[in-house]
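Single-structure report; data block below.
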Amino acid sequence: MSLIISNIALHFLSKKEETGEVLLQFGPESIEIGQKIQNFVDALHSIYNAKGSKAYGNFATNSGAGDSASFVDIMESYLSEVQNFYNFSVQGANMLKNELGKYDLAETGYLVICHYEHMGGRYLLAAVIPVSEHYSVDGELNISADQHLDTEKLQLAARIDLFDYQQNPQGNRYISFIKGRAGRKVSDFFLDFLGCEEGVDAKEQSQTLVQAVEDYVNVNQLDPDEKQQTRKELLSYCKEQKETGQDVSLKEVSQVMGSEEKEQDFYQFCQEQSYPIEESFPHDQAVINKVTKYSGYGNGISVSFDRGHFGRDVVYNPVQETLTIHKVPPNLKDQLLNLLKTEAGAQEESE
Numbered sequence: 006m007s008l009i010i011s012n013i014a015l016h017f018l019s020k021k022e023e024t025g026e027v028l029l030q031f032g033p034e035s036i037e038i039g040q041k042i043q044n045f046v047d048a049l050h051s052i053y054n055a056k057g058s059k060a061y062g063n064f065a066t067n068s069g070a071g072d073s074a075s076f077v078d079i080m081e082s083y084l085s086e087v088q089n090f091y092n093f094s095v096q097g098a099n100m101l102k103n104e105l106g107k108y109d110l111a112e113t114g115y116l117v118i119c120h121y122e123h124m125g126g127r128y129l130l131a132a133v134i135p136v137s138e139h140y141s142v143d144g145e146l147n148i149s150a151d152q153h154l155d156t157e158k159l160q161l162a163a164r165i166d167l168f169d170y171q172q173n174p175q176g177n178r179y180i181s182f183i184k185g186r187a188g189r190k191v192s193d194f195f196l197d198f199l200g201c202e203e204g205v206d207a208k209e210q211s212q213t214l215v216q217a218v219e220d221y222v223n224v225n226q227l228d229p230d231e232k233q234q235t236r237k238e239l240l241s242y243c244k245e246q247k248e249t250g251q252d253v254s255l256k257e258v259s260q261v262m263g264s265e266e267k268e269q270d271f272y273q274f275c276q277e278q279s280y281p282i283e284e285s286f287p288h289d290q291a292v293i294n295k296v297t298k299y300s301g302y303g304n305g306i307s308v309s310f311d312r313g314h315f316g317r318d319v320v321y322n323p324v325q326e327t328l329t330i331h332k333v334p335p336n337l338k339d340q341l342l343n344l345l346k347t348e349a350g351a352q353e354e355s356e
């Protein structure tokens, strides 16, 4: 389902290497929303949704302190039609410029601010898209260089759920943002620009959900196959929610797990056990992915297997710290047999 774009603005930020001065170039006052812009925002929306390293928060209560206006102030002036979208975007770009000037970060790129609707939700997306250089060759074999927006490297981005913000201003998750790629320093300056503070912890909520599911299947004494099937149902549901940018709902998890057929459904189980988990929450897909698999890497060894094999085809001895695989995958088996033949041949030659 395509999204509906209300307004979009584009400005360019750069930083002088010699002085550290931040330069700001304003874009056009009006951008015609044609098919190219539609495709661009569609792609940006999908890329943002697919980012796994997101956190959630809200506007800080002291974000409007001081004489200068905060981001939430100028956003409200736009939403209440006190000023138009372009003026709002220019003010926002200047705020970002001032904030970037406080940090020793060489962030360069195009600031995109977009107001759009998708699947009944209303959003305001602010993102700094980095610029990358690419090369092309003409018929005379002349090489030329050009620049393009590298949306795949998107790191500085935040999205405000306007419906959630207006309906629940005291909430702690109507802003989502991509966590910094180098500790928290990069994302911190972007959060300062927005006046945002981190609220609900998606990773922590996801870990609690995984633990609740494990406790539930054990309490109900499901056999190994039923346990693994329940985990797969949870994983499938969460992947669908991730793709559409929707929260995970405990009641929906209970339904997809088919727990209503048992003496106690999963939702009731969570209520009675008083898990520190919300009725619905944005989740961390990387945490949920581990519900059906065990995996690890270290010292040149990488191991990954479905959780249902643990204790049967894959056995761990904690005393000897050994892992025994009883059913070796065919492709790995072939490689190992070839390795044995090669080593045996090399030994015969040496003798």
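In our numbering, the protein residues as written are 6 to 356.
We treat Cβ as the ideally placed atom computed from N, Cα and C, and that holds for glycine.
Note on the segment 203-268: whole alpha helix (DSSP H) runs with a minimum of 4 residues are 207-224, 229-249 and 255-261, in chain order. Three or more Cβ pairs closer than 8 Å define a contact, and the segment 120-136 meets that threshold against the segment 146-165.
Taking C-beta atoms under 8 Å as the contact rule, Ala-14 and Ser-94 qualify, at a distance of about 3 Å.
One Cα belongs to Tyr-91, the other to Ile-79, and the distance between them is close to 11 Å. Between Leu-255 and the set Pro-287, Asp-230 and Asn-225, the nearest pair of CA atoms involves Pro-287. Straight through space, the alpha carbons of Gln-171 and Ala-65 are spaced by roughly 15 Å. Gln-152 and Tyr-121 have their C-alpha atoms roughly 27 Å apart. Along the length of the segment 112-146, whole beta strand (DSSP E) runs at least 3 residues long occupy 114-123, 126-134 and 136-142, reported in chain order.
Residue range 319-322 is occupied by the beta strand (DSSP E) that includes Asn-322. A Cβ-Cβ contact shorter than 9 Å links Leu-8 with His-50.
Using a C-beta cut-off of 8 Å, the segment 275-290 makes contact with the segment 208-219, since at least three inter-stretch Cβ pairs fall below that distance.
For Phe-310, the uninterrupted beta strand (DSSP E) run begins and ends at 306-311, by DSSP. In the DSSP assignment, Gln-30 falls within the beta strand (DSSP E) that extends over 27-30.
In its chain, beyond the 5 residues on either side, Tyr-179 have a beta carbon closer than 8 Å to the beta carbon of Asn-173. Judged by beta-carbon spacing, Glu-104 lies within the 9 Å limit of Asp-197, meaning their Cβ atoms are closer than that value.
Rounded to the nearest angstrom, the Cβ distance from Phe-182 to Lys-102 is 19 Å, too far for a contact under 8 Å.
Val-224 places its beta carbon 9 Å or farther from that of Glu-283. Non-local beta-carbon contacts of Ala-150 in its own chain, meaning distances under 6 Å to residues more than five positions away in sequence, involve Glu-138 and Tyr-140 in chain order. For Ile-52, there is no enclosing beta strand (DSSP E); the residue is found in the alpha helix (DSSP H) stretching over 40-55.
Glu-112 and Asn-99 have their C-alpha atoms roughly 15 Å apart. Out of Gln-269, Gly-57, Ile-36 and Glu-231, the CA that lies nearest to the CA of Ile-10 is found in Ile-36. Between Asp-318 and Lys-338 the beta-carbon gap is near 13 Å, outside 8 Å, which marks them as no contact. The beta carbon of Gln-96 is closer than 7 Å to those of Ile-79 in its chain, skipping five residues each way along the sequence. By the 16-neighbour rule on beta-carbons within 10 angstroms, Tyr-61 is buried.
Phe-195 is not a Cβ neighbour of Lys-107, given a cutoff of 9 Å. Apart from the 5 residues on each side of it in sequence, Arg-127 sits with its Cβ closer than 6 Å to the Cβ of Leu-167 and Phe-168 in its chain, given in chain order.
Sequence-distant partners of Asn-294 (beyond 5 residues in either direction) whose C-beta falls short of 8 Å from its own C-beta, in its chain, are Leu-240.
Between Leu-159 and the set Ala-55, Ser-85, Gln-88 and Leu-28, the nearest pair of CA atoms involves Ala-55. For Asn-44, the number of other beta carbons within 10 angstroms of its own is below 16, and it is reported as exposed. The beta-carbon separation of Thr-156 and Ile-52, rounded to 5 Å, stays under the 8 Å limit for a contact. Taking C-alpha positions only, Asp-289 is separated from Leu-345 by approximately 42 Å.
The shortest C-alpha to C-alpha distance from Gln-246 to any of Tyr-280, Ser-285 and Gln-212 is the one to Ser-285.
Per the coordinates, the alpha-carbon of Asn-343 lies some 58 Å from the alpha-carbon of Gly-25. Per DSSP, Asp-151 lies in no alpha helix (DSSP H); the unbroken beta strand (DSSP E) holding it starts and ends at 148-154.
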